[in-house]
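In what follows, a single structure is set out as structure tokens and then discussed.
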Amino acid sequence: MNAPLPRRKLRVATTSLAGCFGCHMSFLDIDERLLDLLELVEFDRSPLTDIKHCGTRGPCDIGIIEGGVCNAENVHVLQEFRRNCKILVALGACAVNGGLPAQRNHLDLRDILATVYQTEAGLAQGTQIPNDPELPLPLNQVHPIHEVVKVDYFLPGCPPPADAIWKFLTDLIAGRTPQLGHGLIHYD
Amino acid sequence: MSEPTFTLDGREIPFAAGQSVMQAALAAGVFVPHLCYHPEFRPHGSCKLCTMKINGRHATSCTTPAAAGLEVESDTPEIQDKRRTLLQMLLVEGNHFCPSCEKSGECKLQALGYELGVLTPHFNLLYPDRPVDASHPDVLLDFNRCILCELCVRASAEVDKKSVFALAGRGIRKHLIVNAESGKLGDTDFALTDKAAQVCPVGVILPKKCGFCVPIGQRRFDAAPISQHVDEFKPVAIPGERA
Amino acid sequence: MNQHDAIQAVLARHGNDGTRLMQILRETQEALGWLAPETLTAIARGVNWPRAKVEGTASFYSFFHTRPLGLYRVLWSDNITDRMLGSVELMQAMCQKLWLEPGRVSEDGLVSVDATSCTGMCDQGPAVLVNYRAVTRMTPERVDRMVELIRSRTPLADWPQDWFRVEDNVRRSDILLGNDMVPGDALRACLARGTESTLNEVKAAQLRGRGGAGFTTGLKWEACRNAPGKTRYVVCNADEGEPGTFKDRVLLTRQPDLVFEGMTVAAYAIGASKGYVYLRGEYRYLLESLNSALARRREAGLLGKNILGRSGANGGFDFDIEVHLGAGAYVCGEESALIESLEGKRGVPRNRPPYPVTHGFLDQPTVVNNVETFAAAALIALRGGDWYKSFGTPRSAGTKLLSVSGDCERPGIYEYPFGVTVQQVLEECGAGVGTGDTQAVQISGPSGITLGPDEFGRRIAFEDIPTAGAFMIFDLRRDIFDVVRNFIHFFAHESCGFCTPCRVGTTLLKNLVDKIAGGHGTRSDLNEIHNINRVLQAAAHCGLGHTAGNPLAHTLEKFRPAYERRLKSLEFEPAFDLDAALSQARQMTGRDDAGAHLANELETPR
Chain A
31 MNAPLPRRKL RVATTSLAGC FGCHMSFLDI DERLLDLLEL VEFDRSPLTD
81 IKHCGTRGPC DIGIIEGGVC NAENVHVLQE FRRNCKILVA LGACAVNGGL
131 PAQRNHLDLR DILATVYQTE AGLAQGTQIP NDPELPLPLN QVHPIHEVVK
181 VDYFLPGCPP PADAIWKFLT DLIAGRTPQL GHGLIHYD
Chain E
4 MSEPTFTLDG REIPFAAGQS VMQAALAAGV FVPHLCYHPE FRPHGSCKLC
54 TMKINGRHAT SCTTPAAAGL EVESDTPEIQ DKRRTLLQML LVEGNHFCPS
104 CEKSGECKLQ ALGYELGVLT PHFNLLYPDR PVDASHPDVL LDFNRCILCE
154 LCVRASAEVD KKSVFALAGR GIRKHLIVNA ESGKLGDTDF ALTDKAAQVC
204 PVGVILPKKC GFCVPIGQRR FDAAPISQHV DEFKPVAIPG ERA
Chain D
0 MNQHDAIQAV LARHGNDGTR LMQILRETQE ALGWLAPETL TAIARGVNWP
50 RAKVEGTASF YSFFHTRPLG LYRVLWSDNI TDRMLGSVEL MQAMCQKLWL
100 EPGRVSEDGL VSVDATSCTG MCDQGPAVLV NYRAVTRMTP ERVDRMVELI
150 RSRTPLADWP QDWFRVEDNV RRSDILLGND MVPGDALRAC LARGTESTLN
200 EVKAAQLRGR GGAGFTTGLK WEACRNAPGK TRYVVCNADE GEPGTFKDRV
250 LLTRQPDLVF EGMTVAAYAI GASKGYVYLR GEYRYLLESL NSALARRREA
300 GLLGKNILGR SGANGGFDFD IEVHLGAGAY VCGEESALIE SLEGKRGVPR
350 NRPPYPVTHG FLDQPTVVNN VETFAAAALI ALRGGDWYKS FGTPRSAGTK
400 LLSVSGDCER PGIYEYPFGV TVQQVLEECG AGVGTGDTQA VQISGPSGIT
450 LGPDEFGRRI AFEDIPTAGA FMIFDLRRDI FDVVRNFIHF FAHESCGFCT
500 PCRVGTTLLK NLVDKIAGGH GTRSDLNEIH NINRVLQAAA HCGLGHTAGN
550 PLAHTLEKFR PAYERRLKSL EFEPAFDLDA ALSQARQMTG RDDAGAHLAN
600 ELETPR
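As they're listed, the protein sequences go chains A, E and D.
Going by the working numbering, the first sequence opens with residue 31, and the numbers climb by one from there.
Going by the working numbering, the second sequence opens with residue 4, and the numbers climb by one from there.
Going by the working numbering, the third sequence opens with residue 0, and the numbers climb by one from there.
Here it is as structure tokens:
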């Protein structure tokens, strides 16, 4: 009667929005522990799998977001993750508070576009602001992901150290509220 | 006659005449979160991180005189939660981008965030526009990180006798200014050796030419959390303090 | 006179005294139009203060400007009562006629139009200040005419004088407003009685402060008298900034002698020789008449050396009063912030202890009381404590002036003995007549309490509903959410910024309420309001922060549907308008295809 519940593997999706993939690299820095992790989880949409959309193979348990929200595509991807993931995690400085891309926020986007594509010295003749409908439009400001969707957990750091990511995920998978403690929480 | 005491989270804390609740706690080795307090200056009472419940009422412990028999609560979930909220307010008010800040690892705002487990700014970020001032040959001012604790204001006026800094504006528009018609630090008599250059708890007042000189891992709060630095915050005699 | 001479003249008038900086800045600005960087440098040199400290003061107050704001500066009072009388539409019309955006100066530097916190004309709004002179009862016709006068650069002195008329609108008088005391009689009674027994009469009267907090006046005076100090000060708090309050304006208009006499009684009781009236900048128009009243009293021997001809050796005393003007900062109604301002500094509340009764103005023992408190003290000095105590309730002696405004037939000043019910006030002022029932009353201003109809039986008294006097009425046509939104904008604007919770928290509250107003609110935003409010109540530095969330807390409790019907969803909504966040990119690329827009709803599952 004390038989453990049959454990299915948890589905985990990851993506990088306005980020540099540094958080994903730090994730890979868990090294051989990745194999232990794969005993417990299977990856849905992620740079590791090249699956293009999450949720197409059923709902995900954990969605991990690197990067902030700087353009319309980021909004769509983030909303797709929120729709399809039971738990959404902001991973790293940019997802948590906008990070490096948000350093443009004190500038007017119109000035940035004009400078980069129209008035900067050295531009080719006839260069104009790209307006192809295929391209996602940038938002007036960069936002952390909690301003766009509800976020359940936050793991700061630029990037968060691999040990912090490991501790965080193993706690979460084991059903514990993640506890980081000194050395694992940092903002830089 | 034994020293008078009050109770802090169930522990007897002795105090000397004239000490605040916070000073007595620090002297007894109990860490109290703070940003605007500095042992060499009179209490300021603006950051509110040291808020405690004193005889059942919330009060700023750095400005509340210690008194025999006080019942004080500090390390309770309710109070720590309010402190976290205050830190989050500061984090959304300014532009705190730690990865590019030379003060990272030495910053008290950051260290308190770690201490209290602040994982997110939680509120919506205000992203204020605060230009930096690089006009001084030896010092950079990055107002993006200013938390308005006034330590530099006080140090420059009280110790350096220069009054290089002051606050202007009101409410959320309050900001640090320097004592020059141009508004530039380079047009003041500020010097890197001033006390005011040493007291910023965050990364506003930075010496030029030595960014990131301490490697990650060896910085002030890398080895031990801020709560284990309690000895550094113990009260000392304040120059010019009224008896 | 050139700029330099003008500044030097002002400095000389004030003895180059930095503690008089507020008056120096105001008079310089009145002479030069604005406070230019070089003006601040010259003033700093003149008073021998660091320039940054002078700039710190100049930039703290709404009525000082460190950039030019036009030959004519029109400020629309933005209390909810002004809004209910159409101020928003009138201001908009004025801006349109002048081709102006609010807050911007016209290209030719002629005029700027903006909103300002309640100017204390709630019974005769919508009100404006033109170059800091009060104009009441604005109408579309007055807007048209005013725009013409501005365009033709007509000096204010040639504007219709009727516009500047401020009515007293006294609707009900009792012992205070109905008194017929001859100036000097209370002082004569004091001198006959002696200091100790004057103090005893005030204590026996059980007079409590009329500014709202209700500290026992006699105890305050006694503590001040007993505090060691080189000298003592009496300060009259006429910084009536709480939106919806205007009774001090009426007292200072009709009964200045009673107020000054009360201050002089206090001076006699505590041993002070100097007094200040800190008059809010919005009441600048009262300055000349108050100064004349002071001059009359000096002439009559009621102020100055040897009052009533009695020398110090003979049991008499010296005392004089000066009126200092504030410059648009609600927080200066807090007594220690008021003292800071009186000393020429930023109006930031001090850490307490020590209290002003021991360390007040210039670090000396100081009594700060409300205008109405001094007026009552004068009557007590004349007629005795037992007489005064016979009015009101056992725990709230005397009468209270109420400033009634909002949805009623007869807004104005009502003086009642303490203990009057809210219902009785509503009936006597004609609330709800012809417009539908009263749905709420806001007592003691935004920082006070919001009452719903089931509470109209409650009483105005320290033991039930204490109040500084504001009594704003809202009938069923009003949306309580609009009221609260106006209040939280007020607090965010008026926070001094000293402490973290109030500086940031009031802005976060404002942003949350604006989010709900914009149709993007959720239940979690309502919870967030509660959380922030709890931090404000626990950790804010002064009463402003402690009470800033009151209107939200009260109305979330009593008028929750006013919020709920605005919520977009129960779960989560983005903090900002997603589609609007693409506006600049759309403008720059010229795109308007489907991909150039974002739905503000979370997309439905495929």
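Note that CB positions come from ideal geometry on N, CA and C, so glycine has one too.
Helix, strand or coil for H540/D, going by three-state DSSP, please let me know. Here residue 540/D is taken as the residue at index 541 of the third sequence, counted from 1. Three-state result, H540/D: coil.
With a threshold of 8 angstroms between beta carbons, is P604/D in contact with chain A? Mapped onto the third sequence, residue 604/D falls at position 605. Note that P604/D scores 44 on pLDDT, short of 50, meaning its location in the model is unreliable and no value can be drawn from it.
So is Q586/D in contact with chain A if we call contact Cβ pairs under 8 angstroms? Walking along the third sequence from the start, residue 586/D turns up at place 587. Interface residue, yes.
Please list, in chain order, all residues of the same chain as Q91/E whose beta carbon is under 8 angstroms from its beta carbon, the five residues on each side excluded. What you label residue 91/E is simply residue 88 of the second sequence in a count that begins at 1. Hits under 8 angstroms: V121, T123, P124, H125, F126.
Partners in chain D for E177/A, counting only beta-carbon separations shorter than 7 angstroms: Numbered from 1 along the first sequence, position 147 holds the residue referred to as residue 177/A. Under the 7 angstroms cutoff, chain D gives P573, A574, F575.
Give the straight-line distance between the Cα atoms of A102/A and L511/D, rounded to the nearest whole angstrom. Position 72 of the first sequence, counted from the first residue, corresponds to residue 102/A. Position 512 of the third sequence, counted from the first residue, corresponds to residue 511/D. Looking at the two C-alpha atoms, the distance is approximately 24 angstroms.
Just to confirm the assignment: which complete beta strand (DSSP E) runs, minimum length 3, are found wholly within the region 84-165 of chain A? 90-96, 99-101, 115-121
Alpha helix (DSSP H) containing Q2/D: first to last residue? Stepping through the third sequence from its first residue, residue 2/D is reached at position 3. That run of the alpha helix (DSSP H) goes 2-12.
Residue from G327/D, L307/D, L302/D whose Cα sits closest to the Cα of E321/D: Start at 1 with the first residue of the third sequence, and residue 321/D comes out as number 322. The shortest C-alpha separation from E321/D is found at L302/D.
Taking all protein chains shown into account, decide if G494/D is buried (16 or more other Cβ within 10 angstroms of its Cβ) or exposed. On the third sequence, position 495 is the one that residue 494/D refers to. Checking the displayed sequence, the identity of residue 494/D turns out to be Ser instead of Gly. Buried.
Contacts that A132/A makes with chain E (C-beta to C-beta distance below 9 angstroms): Here residue 132/A is taken as the residue at index 102 of the first sequence, counted from 1. Under the 9 angstroms cutoff, chain E gives N98, F100, L128, Y130.
If I follow the unbroken beta strand (DSSP E) through N178/D, where does it start and stop? In the third sequence, counting from the first residue as 1, residue 178/D sits at position 179. Here N178/D belongs to no beta strand (DSSP E), and DSSP marks it neither H nor E.
Pair within 8 angstroms by beta-carbon distance, V73/D and V127/D: Start at 1 with the first residue of the third sequence, and residue 73/D comes out as number 74. Start at 1 with the first residue of the third sequence, and residue 127/D comes out as number 128. Yes, the pair counts as a contact, with Cβ atoms nearer than the cut-off.
Please go through the same chain and pick out, in chain order, the residues whose beta-carbon is closer than 6 angstroms to the beta-carbon of A8/D, but skip the five residues on each side of it. If you number the third sequence from 1, residue 8/D lands on position 9. For A8/D, where only same-chain residues beyond five positions count, there are no Cβ hits under 6 angstroms.
If you measure between the beta carbons of A43/A and C115/A, is that distance less than 8 angstroms? For the purposes of this step, residue 43/A is identified with residue 13 of the first sequence, where counting begins at 1. For the purposes of this step, residue 115/A is identified with residue 85 of the first sequence, where counting begins at 1. In contact: A43/A and C115/A (Cβ atoms closer than 8 angstroms).
Alpha-carbon to alpha-carbon, E26/D and W33/D: By 1-based counting over the third sequence, the position of residue 33/D is 34. By 1-based counting over the third sequence, the position of residue 26/D is 27. Distance between the alpha carbons of W33/D and E26/D: 10 angstroms.
Indicate whether at least one CB of chain D lies closer than 8 angstroms to the CB of L93/E. Your numbering for residue 93/E matches position 90 in the second sequence. Yes, its Cβ sits closer than 8 angstroms to a Cβ of chain D.
CB contact below 8 angstroms: G214/E versus chain A: Taking the second sequence and counting its residues from 1, the one referred to as residue 214/E is at position 211. It does not: the Cβ of G214/E has no partner Cβ on chain A nearer than 8 angstroms.
Which class does K399/D belong to by DSSP, given the choice of helix, strand or coil? Position 400 of the third sequence, counted from the first residue, corresponds to residue 399/D. If DSSP states are grouped into helix, strand and coil, K399/D belongs with the strands.
Are the CB atoms of N485/D and G332/D within a distance shorter than 8 angstroms? Sequence index remark: in the third sequence, residue 332/D carries index 333 (1-based). Sequence index remark: in the third sequence, residue 485/D carries index 486 (1-based). Against a cut-off of 8 angstroms, the Cβ pair of N485/D and G332/D comes out as no contact.
In chain order, which alpha helix (DSSP H) runs of at least 4 residues are fully inside the region 348-400 of chain D? 370-382, 384-388
Between A120/A and chain D, is any beta-carbon pair separated by less than 8 angstroms? Working through the first sequence from its first residue, we reach residue 120/A at position 90. No, because no Cβ of chain D sits closer than 8 angstroms to the Cβ of A120/A.
May I have the straight-line CA-CA distance separating D84/E from E235/E, to the nearest angstrom? The residue you call residue 84/E lines up with position 81 of the second sequence. The residue you call residue 235/E lines up with position 232 of the second sequence. Approximately 25 angstroms, taken between the alpha carbons.
Run down chain A in chain order and give the residues with a C-beta less than 7 angstroms from the C-beta of L612/D. The structure shown does not extend to residue 612/D, since chain D spans only 0 to 605, so no value can be given for it.
Compile a chain-ordered list of the residues in the region 92-103 of chain A whose CB is closer than 7 angstroms to at least one CB of chain D. A102
Figure out for me which residue from D167/D, L97/D, W158/D has the closest Cα to the Cα of F150/D. As a working mapping, residue 150/D is identified with position 151 in the third sequence. A quick correction: the sequence has Arg, not Phe, at residue 150/D. Checked all of D167/D, L97/D, W158/D; the closest Cα to R150/D is L97/D.
Give the straight-line distance between the Cα atoms of L190/D and G314/D, rounded to the nearest whole angstrom. Mapped onto the third sequence, residue 190/D falls at position 191. Mapped onto the third sequence, residue 314/D falls at position 315. Roughly 8 angstroms separates the two Cα atoms.
Could you tell me how far apart the beta carbons of S105/D and G69/D are, in whole angstroms, since I believe they sit closer than 8 angstroms? For the purposes of this step, residue 105/D is taken as the residue at position 106 of the third sequence. For the purposes of this step, residue 69/D is taken as the residue at position 70 of the third sequence. That belief holds up - the Cβ atoms of S105/D and G69/D are roughly 6 angstroms apart, short of 8 angstroms.
Using a Cβ-based criterion (distance less than 7 angstroms to any ligand heavy atom), does V126/A qualify as near the ligand NAP? You won't find the ligand NAP in this model; it holds no ligand whatsoever.
At a CB distance below 7 angstroms, what residues from the region 32-44 of chain D approach chain E? Give them in sequence order. P36, E37, T40
Quick check: is the beta carbon of L137/A nearer than 8 angstroms to any beta carbon in chain D? Looking up residue 137/A in the first sequence gives position 107. Output row for L137/A: interface = no.
I want to verify the contact list: residues of chain D whose CB lies under 7 angstroms from the CB of E184/E, in sequence order. Position 181 of the second sequence holds residue 184/E. Going along chain D in sequence order, the residues near E184/E (Cβ under 7 angstroms) are P36, E37, T40, R50.
So, P168/A versus A584/D, is the Cβ gap smaller than 8 angstroms? Numbered from its first residue, the first sequence carries residue 168/A at position 138. Numbered from its first residue, the third sequence carries residue 584/D at position 585. Contact: yes.
Considering only the beta carbon of each residue, do L186/D and L400/D sit closer than 8 angstroms? Within the third sequence, residue 186/D is the residue found at index 187, counting from 1. Within the third sequence, residue 400/D is the residue found at index 401, counting from 1. Going by C-beta atoms, L186/D is not nearer than 8 angstroms to L400/D.
Pull the bridge partners of P168/A from the DSSP assignment, please. To locate residue 168/A, count along the first sequence from 1; it is residue 138. Answer is N101/A, bridged to P168/A.
Count the C-beta pairs between the region 50-62 of chain A and the region 76-96 of chain A that are closer than 8 angstroms, then say yes if the count reaches three, no if not. yes
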